[in-house]
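Participant:
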Amino acid sequence: MSEGGKVELDPAFADRFGGAMKNKGGDGRPPCQLYLISPSSYDPGFPEQLKAVLDAGAAAAFQLRLKNVSDMEILRAGEVIRPILEAYDVAFIVNDRADLAQQLGADGVHLGQGDGDIAEARARLGHAAQIGVTCHGSRHLALEAGEKGADYVAFGAFYETQTKETQHRPDPSILGWWTTISEIACVAIGGIRPDNAKPLVEAGADFICASGSVWKADSPPGAMAAFAAVLEATPNA
Ligand SMILES: Cc1ncc(COP(=O)(O)OP(=O)(O)O)c(N)n1
Ligand SMILES: Cc1nc(C(=O)O)sc1CCOP(=O)(O)O
Ligand SMILES: [Mg+2]
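Everything in the sequence shown is counted per the working numbering, starting at 159 for the first residue and increasing by one.
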């Protein structure tokens, strides 16, 4: 922490998260960007679908979040997806597992509260890796994650979601609070759609996450275009 009580910006942060900080203008935070999360199971048609959505709207980061599958399946999917993300300049984050993130040469890992230690992930993945941490609706967890070296803290679930059972429903004001005390990025997650994203962007989210509202949409590229329009039209806090 600095003397003013604000968590200091890691100098390497400017180069992280898909170059998000490159958009930084003056003293303000960069504009809010989309953080796309994969469906929980992998379909052979997914790489083409991924290209189609990234053609329709930008994402700063993509998280490979496959559930109830073998390590081999995650590794195979990651090997196919990684060059696509590189081509679109999208940061590649692996959910849950720093070891698989390392094997895949990913840009980072997302850790839930039970998914392992930040320091161990840092030791494994290195200084430049992006390490994100689930903080539910807890200021304490976010401060702790920041002190332990997280590159972003994730708050949620802001809205009802079919993607995951959730027990926390933070108020959007936690995003604004975080931006006043820390320069570490904050991510909003949970049931976010193009038509309900605006209050979270206005409250201060640096990134909004979306999974179901893109992949389960009638037109996933259409959903991406709609997110792009909302983000373009909405200044953050
Ligand atoms: C960006 C982001 N935020 C939160 C989560 C949830 O992580 P976790 O609590 O470990 O739950 P699972 O996603 O592993 O089911 C996330 N994955 N990404
Ligand atoms: C993976 C996840 N974590 C959450 C949390 O609150 O920590 S909510 C969530 C689901 C995100 O998917 P969707 O955009 O479909 O709601
Ligand atoms: Mg997890």
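Ideal Cβ placement from N, Cα and C applies to all residues, glycine included.
1. Compare the Cα-Cα distances from G307 to each of V359, S296 and E278 and report the closest residue.
2. Comparing alpha-carbon positions, which option in D229, G362, A259 and P188 lies nearest F220?
3. Measuring alpha carbon to alpha carbon, tell me which of Q320, A361, P357 and A245 ends up nearest G348.
4. Going along the chain, which residues of its own chain have a beta-carbon closer than 7 Å to the beta-carbon of A170, five neighbours each way excluded?
5. Can you tell me the Cβ-Cβ gap for L269 and V291, rounded? I've got them flagged as a contact below 8 Å.
6. Answer yes or no: the CB of D273 versus the heavy atoms of ligand 3, is any distance below 7 Å?
7. Buried or exposed, going by whether 16 or more other CB atoms sit within 10 Å of the CB of D254?
8. How many angstroms separate the CA atom of F204 from the CA atom of V388?
9. Let me confirm a value: L194 is counted as buried when at least 16 other C-beta atoms fall within 10 Å, else exposed. Which label applies?
10. Looking at the strands, I want to know which residues DSSP matches up with H268.
11. Under 7 Å from any heavy atom of ligand 1, does the C-beta of C367 make it?
12. Quickly, what does DSSP pair L192 with across the bridge? List them, please.
13. Figure out for me which residue from A383, D257 and G272 has the closest Cα to the Cα of L233.
14. Which residues does DSSP pair with G314 in a beta bridge?
15. Looking at H326 and ligand 2, is the gap between the Cβ and the nearest heavy atom below 7 Å?
16. CB P393 to CB A361, shorter than 8 Å?
17. With a threshold of 7 Å on Cβ separation, who are the neighbours of G334 within its own chain once the five nearest residues in sequence on each side are excluded?
18. Could you check whether the Cβ of G314 sits closer than 7 Å to any heavy atom belonging to ligand 3?
19. Rounded to whole angstroms, what is the Cα-Cα separation between R297 and L283?
Facilitator: If we stick to the structure as given:
1. Residue E278 is the option with its Cα nearest to G307.
2. Shortest Cα-Cα distance from F220 to any of D229, G362, A259 and P188 involves A259.
3. The residue from Q320, A361, P357 and A245 with its alpha-carbon nearest to that of G348 is Q320.
4. Low confidence applies to A170: its pLDDT is 42, below 50, so where it sits in the model is not reliable, and the reading given next is rough at best. By the criterion of a C-beta distance shorter than 7 Å, A170 is surrounded in its chain by H285 and A286, once the five residues flanking it on both sides are discounted.
5. Contact holds; Cβ gap of about 5 Å.
6. At least one heavy atom of ligand 3 falls within 7 Å of the beta-carbon of D273.
7. The residue is buried, with at least 16 neighbouring Cβ atoms inside 10 Å.
8. Computed Cα separation, rounded: 25 Å.
9. L194 is buried by the Cβ-count criterion.
10. Under DSSP, H268 takes part in a beta bridge, and its partners are N253 and G290.
11. C367 Cβ: within cutoff of ligand 1.
12. Answer is I366, bridged to L192.
13. It is D257 whose Cα lies nearest to the Cα of L233.
14. In the DSSP output, where bridge partners are listed per residue, G314 has I347.
15. H326: yes, Cβ under 7 Å from ligand 2.
16. In this structure, the beta-carbon distance from P393 to A361 does not fall below 8 Å.
17. A361, G362 and A395.
18. For ligand 3, not one heavy atom lies less than 7 Å from the Cβ of G314.
19. Put simply, the backbone Cα of R297 is about 26 Å away from that of L283.
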